[in-house]
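Novice: One line per chain: the protein sequences are A and B, in this order.
Just so we're aligned: 124 in our numbering is position 124 of the first sequence, and the numbers increase by one with no gaps anywhere.
To convert, count from 1 in the second sequence and add 1000; that's our numbering.
Protein chains: 2
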Amino acid sequence: MFSILRKGTIIETRPLARKLGAFVALSEAELLVLERLHKRRRTFVAGCDLVHQGQADQAAYILLSGWACSYKLLHDGQRQIVDFQIPGDFLGLRSVVLHVSDHSIEPITDIEVTEVHGSDLFEAFTETPRLATAVLWTASRDEAMVVEHLVGIGRRGAAERMAHFLLELGARLSLVGMGDEGGYDCPLTQYLIADAIGLSAVHVNRVLRQLREQGMVTFREGHVTFDNYDRLAEFADFEVSYLDQIGPLLK
Amino acid sequence: MFSILRKGTIIETRPLARKLGAFVALSEAELLVLERLHKRRRTFVAGCDLVHQGQADQAAYILLSGWACSYKLLHDGQRQIVDFQIPGDFLGLRSVVLHVSDHSIEPITDIEVTEVHGSDLFEAFTETPRLATAVLWTASRDEAMVVEHLVGIGRRGAAERMAHFLLELGARLSLVGMGDEGGYDCPLTQYLIADAIGLSAVHVNRVLRQLREQGMVTFREGHVTFDNYDRLAEFADFEVSYLDQIGPLLK
DNA sequence: GTTTGGGACTGATCCACATCAGTCAGCGTC
DNA sequence: GACGCTGACTGATGTGGATCAGTCCCAAAC
Chain A
1 MFSILRKGTI IETRPLARKL GAFVALSEAE LLVLERLHKR RRTFVAGCDL VHQGQADQAA
61 YILLSGWACS YKLLHDGQRQ IVDFQIPGDF LGLRSVVLHV SDHSIEPITD IEVTEVHGSD
121 LFEAFTETPR LATAVLWTAS RDEAMVVEHL VGIGRRGAAE RMAHFLLELG ARLSLVGMGD
181 EGGYDCPLTQ YLIADAIGLS AVHVNRVLRQ LREQGMVTFR EGHVTFDNYD RLAEFADFEV
241 SYLDQIGPLL K
Chain B
1001 MFSILRKGTI IETRPLARKL GAFVALSEAE LLVLERLHKR RRTFVAGCDL VHQGQADQAA
1061 YILLSGWACS YKLLHDGQRQ IVDFQIPGDF LGLRSVVLHV SDHSIEPITD IEVTEVHGSD
1121 LFEAFTETPR LATAVLWTAS RDEAMVVEHL VGIGRRGAAE RMAHFLLELG ARLSLVGMGD
1181 EGGYDCPLTQ YLIADAIGLS AVHVNRVLRQ LREQGMVTFR EGHVTFDNYD RLAEFADFEV
1241 SYLDQIGPLL K
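(1) For Thr189(A) and chain B, any beta-carbon pair shorter than 8 angstroms?
(2) Would Ser1241(B) count as contacting chain A if we go by Cβ distances under 8 angstroms?
(3) Quick one: list the residues of chain B neighbouring Asp142(A), beta-carbon separation under 8 angstroms, in chain order.
(4) Would you say Thr1009(B) faces chain A, with C-beta separation under 8 angstroms as the test?
(5) Kindly list, in the order they appear in chain A, the residues whose Cβ is closer than 9 angstroms to that of Gly1021(B).
(6) Just verifying my parser: in three-state terms, what is the DSSP assignment at Pro950(B)?
(7) Using the rule of at least 16 other Cβ atoms within 10 Å of the residue's Cβ for burial, across every protein chain shown, is Tyr1191(B) buried or exposed?
(8) Can you tell which of Gly54(A), Gly182(A), Leu63(A) and Phe165(A) has the C-alpha that lies nearest to the C-alpha of Ile108(A)?
(9) Closer than 8 angstroms, CB to CB, is Gln58(A) near chain B or not?
(10) Contact between the region 1108-1123 of chain B and the region 1037-1056 of chain B: three or more CB pairs below 8 angstroms?
(11) Please report how far the alpha carbon of Glu239(A) lies from the alpha carbon of Gly1198(B), in whole angstroms.
(12) Kindly indicate the opening and closing residues of the beta strand (DSSP E) around Cys1085(B).
(13) With respect to the beta strand (DSSP E) encompassing Val1217(B), which residues constitute its N-terminal and C-terminal limits?
(14) I'd like to know if Ala1132(B) contacts chain A, where contact means its C-beta is closer than 8 angstroms to some C-beta of that chain.
(15) Applying the 10 Å Cβ sphere with the 16-neighbour rule, what's the burial state of Glu28(A)?
(16) Roughly how many angstroms lie between the CA atoms of Phe267(A) and Leu243(A), to the nearest whole one?
(17) Please give the ranges of any beta strand (DSSP E) in the region 177-229 of chain A, keeping only runs that are unbroken, at least 3 residues long and fully inside the region.
(18) Can you list, in chain order, the residues of the region 1041-1058 of chain B whose Cβ is nearer than 7 angstroms to any Cβ on chain A?
(19) Are the C-beta of Pro15(A) and some C-beta of chain B separated by less than 8 angstroms?
(20) Could you give the C-beta distance for Leu211(A) and Ala159(A), rounded to a whole number, given that I count them as a contact under 8 angstroms?
(21) Kindly indicate which three-state DSSP category Glu148(A) falls into: helix, strand or coil?
(22) If we call anything under 8 angstroms between Cβ atoms a contact, is Val82(A) one with Ser70(A)?
(23) Go to Leu256(A), then tell me how far its alpha helix (DSSP H) extends in each direction, as first and last residue.
(24) Apply the 10 Å Cβ neighbour rule to Lys1019(B) and answer buried if 16 or more other Cβ atoms are within range, or exposed otherwise.
(25) Report buried or exposed for Thr1043(B), applying the criterion of at least 16 other Cβ atoms within 10 angstroms of its Cβ.
(26) At which residue ranges does the region 1028-1054 of chain B contain complete beta strand (DSSP E) runs of 3 or more residues, listed in the order of the chain?
(27) So which of Tyr229(A), Gly152(A) and Leu175(A) has the shortest CA-CA distance to Arg1079(B)?
(28) To the nearest angstrom, how far is the alpha carbon of Ser1101(B) from that of Ser1241(B)?
(29) Name the residue from Ile1193(B), Arg1155(B), Leu1093(B) and Ser1119(B) whose alpha carbon lies nearest to the alpha carbon of Leu1169(B).
(30) According to DSSP, simplified to helix, strand and coil, what is Glu239(A)?
(31) Whose C-beta lies closer than 7 angstroms to the C-beta of Val1116(B) among residues of the same chain, with five residues either side of it excluded?
(32) Consult DSSP for Ala60(A) and reduce its assignment to one of helix, strand or coil.
(33) From Val1217(B), Asp1057(B) and Trp1067(B), pick the residue whose C-alpha is nearest to that of Leu1098(B); which is it?
(34) So, with DSSP's three-state summary, where would you put Phe23(A)?
(35) Alpha carbon to alpha carbon, what distance is there between Glu1213(B) and Glu1234(B)?
(36) If contact is defined by three or more beta carbon pairs under 8 angstroms, each pair taking one atom from either stretch, is the region 133-151 of chain A in contact with the region 1140-1154 of chain B?
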């Protein structure tokens, strides 16, 4: 269950613990509390929603494998994808804290999760307040991503937005060892990307072609290849600082 | 310092305590810890930034009076206002948790705040974990607003977006007693609104005229008047549930 | 072995909103 | 009383991206 890393530090192998550990150096006792949260392992199949908009007192989940997305539906049937989730991310944390879900969550691939009940989470905070700080950190990081997303949709053109989107996803995947500056595997369809960055699927296609023809990125057959990472990052005005928190910042 | 409300419940008079109290019923001891956070009272003049994008280890503030906004600048000089803050809101909470500010904060009017140091906040969490839960709740509520904002910019037309924006602001102000279904005072210029909802100032003007001519809202001389609240809410597809958490939900 | 369906991709057309280039009223200032 | 500034407001023109209406390819279904 645990693996020993350098200098005797005990680091839990689960992706969430790894992520939280980047912010607070969690003690063995705290890791045990965290471990106890991983109660029930469940799997969901692609396309079948875990959480529905408006649902009350839903459990949260920690994503172990696969991709998911959180989205909101408008009354006219349009949808806006708020964010994609990759392994190590919380699903529906906000739903638990606010006691009602303001969004839906759909698995994009088949996924594995562990279920976390709200009550267990709040109890864990009482036992180990530093865990609360760590979870607040995750929530803040998620918020920072949503804010960046907002800026993109509000102020960037379609191509810059796409470039930024692909870069951010790459940076997040790199943090969990699922990608690097060369590229990454990506199960998203052009329709999903369209719903995420506020374009039509048709235009997503055109923009992807444009970026490809300019030799910056290629997205083809489920794989993103950075043909010229630096030029792309320059083009997109991409700033990683809000993502790559490295090393425990709170002793 | 404290005021006694019905049934002997002690409710702190400060707006933050009132907001947090809506989520967790805070004990007297917890309120005292919260009170100790209000260390230094400061004032800032309109237009002079409190926090700059990129600044490290900034303090957070709790807004006591006046209006502020948090925004991000793009390299090409455009800006996107992420949110407006009204009394009772945190300023720069995310900056403290993430140890670096990903956005700037500007007072729109002269403002009064109290400064909160990150270390004090984290200490307070250790002393009273329920306070941590409460702060996580505030952060989640802010995130929900940003998400709603994202959906608006991504998927709603200019008029719906404007209508939704004015309604949300109204709902938030109502919660702190600064507005009702009839309207509210609002110190925002059309330029500020434009930067917030991702339009040009010119178009903001046109959309406001349109909404006025349709008898839904009037925004004139620093005052928003809801001429027909229900029709406006219907038009904007406005859903308050993510804002109006009423009564302590966590015992 | 034909059908069905989903995803990538394209050209033509349309329109919502941006941009440009102003006017006008109010207000502080020297 | 002229000057400058800021915010509200407007008409003309331009454009980025949506929408419509398809094609092509491939894999699964029957």
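The C-beta atom is built at its ideal place from N, Cα and C for all residues, glycine as well.
Model, not experiment: these values are computed from the prediction.
Specialist: If we stick to the structure as given:
(1) Residue numbering aside, residue 189(A) sits at position 189 when the first sequence is read from its first letter. By this cut-off, Thr189(A) is not an interface position.
(2) The count along the second sequence starts at 1 and reaches residue 1241(B) at position 241. It does: the Cβ of Ser1241(B) has a partner Cβ on chain A nearer than 8 angstroms.
(3) The residue labelled residue 142(A) in the question sits at position 142 within the first sequence. The answer, in chain order, is Glu1143.
(4) Stepping through the second sequence from its first residue, residue 1009(B) is reached at position 9. Residue confidence for Thr1009(B) is low, a pLDDT of 37 falling below 50, so the modelled location carries little weight and cannot support an answer.
(5) On the second sequence, residue 1021(B) is found 21 positions in, with the first residue counted as 1. Neighbours of Gly1021(B) on chain A: none; closest Cβ ~16 angstroms, over 9 angstroms.
(6) Coverage of chain B is limited to positions 1001 through 1251, which leaves residue 950(B) absent and any answer about it impossible.
(7) Looking up residue 1191(B) in the second sequence gives position 191. Looking at its Cβ environment, which holds fewer than 16 other Cβ atoms inside 10 Å, Tyr1191(B) is exposed.
(8) As a first step, residue 108(A) must be located in the first sequence, where it is residue number 108. Of Gly54(A), Gly182(A), Leu63(A) and Phe165(A), the residue nearest in Cα terms is Leu63(A).
(9) Counting from 1 along the first sequence, the entry for residue 58(A) is found at position 58. By this cut-off, Gln58(A) is not an interface position.
(10) yes
(11) Within the first sequence, residue 239(A) is the residue found at index 239, counting from 1. Within the second sequence, residue 1198(B) is the residue found at index 198, counting from 1. Looking at the two C-alpha atoms, the distance is approximately 21 angstroms.
(12) Translated into the one-based positions of the second sequence, residue 1085(B) becomes position 85. Residue identity differs from the one stated: residue 1085(B) is Gln in this sequence, not Cys. Here the beta strand (DSSP E) through Gln1085(B) covers Arg1079 to Gln1085.
(13) In the second sequence, counting from the first residue as 1, residue 1217(B) sits at position 217. Here the beta strand (DSSP E) through Val1217(B) covers Val1217 to Arg1220.
(14) As a position in the second sequence, residue 1132(B) is number 132, starting the count at 1. Answer yes: the Cβ-Cβ gap between Ala1132(B) and chain A drops below 8 angstroms somewhere.
(15) Indexing the first sequence from 1 puts residue 28(A) at position 28. Exposed: under 16 other Cβ atoms inside 10 Å.
(16) A question about residue 267(A) goes unanswered here, because the residues of chain A that appear run from 1 up to 251.
(17) 183-185, 217-220 and 223-226
(18) none
(19) Locating residue 15(A) in the first sequence gives position 15, counting from the first residue. By this cut-off, Pro15(A) is not an interface position.
(20) Here residue 211(A) corresponds to residue number 211 of the first sequence, with the count starting at 1. Here residue 159(A) corresponds to residue number 159 of the first sequence, with the count starting at 1. With a Cβ gap of about 6 angstroms, Leu211(A) and Ala159(A) count as contacting.
(21) In the first sequence, residue 148(A) corresponds to position 148, counting from 1. DSSP places Glu148(A) in helix when its eight states are reduced to three.
(22) The residue labelled residue 82(A) in the question sits at position 82 within the first sequence. The residue labelled residue 70(A) in the question sits at position 70 within the first sequence. Yes, Cβ-Cβ distance for Val82(A) and Ser70(A) is below 8 angstroms.
(23) Residue 256(A) falls outside the range modelled here, since chain A spans only 1 to 251, and no answer is possible.
(24) Within the second sequence, residue 1019(B) is the residue found at index 19, counting from 1. The residue is buried, with at least 16 neighbouring Cβ atoms inside 10 Å.
(25) By one-based count along the second sequence, residue 1043(B) stands at place 43. It counts as exposed.
(26) 1040-1044
(27) Sequence index remark: in the second sequence, residue 1079(B) carries index 79 (1-based). Checked all of Tyr229(A), Gly152(A) and Leu175(A); the closest Cα to Arg1079(B) is Gly152(A).
(28) Numbered from 1 along the second sequence, position 101 holds the residue referred to as residue 1101(B). Numbered from 1 along the second sequence, position 241 holds the residue referred to as residue 1241(B). Rounded to whole angstroms, Ser1101(B) to Ser1241(B) spans 29 angstroms at the Cα level.
(29) Position 169 of the second sequence holds residue 1169(B). Ranking Ile1193(B), Arg1155(B), Leu1093(B) and Ser1119(B) by Cα distance to Leu1169(B) puts Ile1193(B) first.
(30) Residue numbering aside, residue 239(A) sits at position 239 when the first sequence is read from its first letter. The answer is coil: DSSP assigns Glu239(A) none of H, G, I, E or B.
(31) Translated into positions along the second sequence, residue 1116(B) becomes position 116. So the qualifying residues of the chain are Leu1037, Ala1059, Ala1060, Tyr1061 and Ile1062.
(32) Reading the first sequence from its first residue, position 60 is the one you call residue 60(A). Of the three classes helix, strand and coil, the one that applies to Ala60(A) here is strand, per DSSP.
(33) The residue labelled residue 1098(B) in the question sits at position 98 within the second sequence. For Leu1098(B), the nearest C-alpha among the options comes from Asp1057(B).
(34) To locate residue 23(A), count along the first sequence from 1; it is residue 23. In the structure shown, Phe23(A) sits in coil (DSSP, three-state: anything other than H, G, I, E or B).
(35) Taking the first residue of the second sequence as 1, we reach residue 1234(B) at position 234. Taking the first residue of the second sequence as 1, we reach residue 1213(B) at position 213. Cα-Cα distance, rounded: 17 angstroms.
(36) yes
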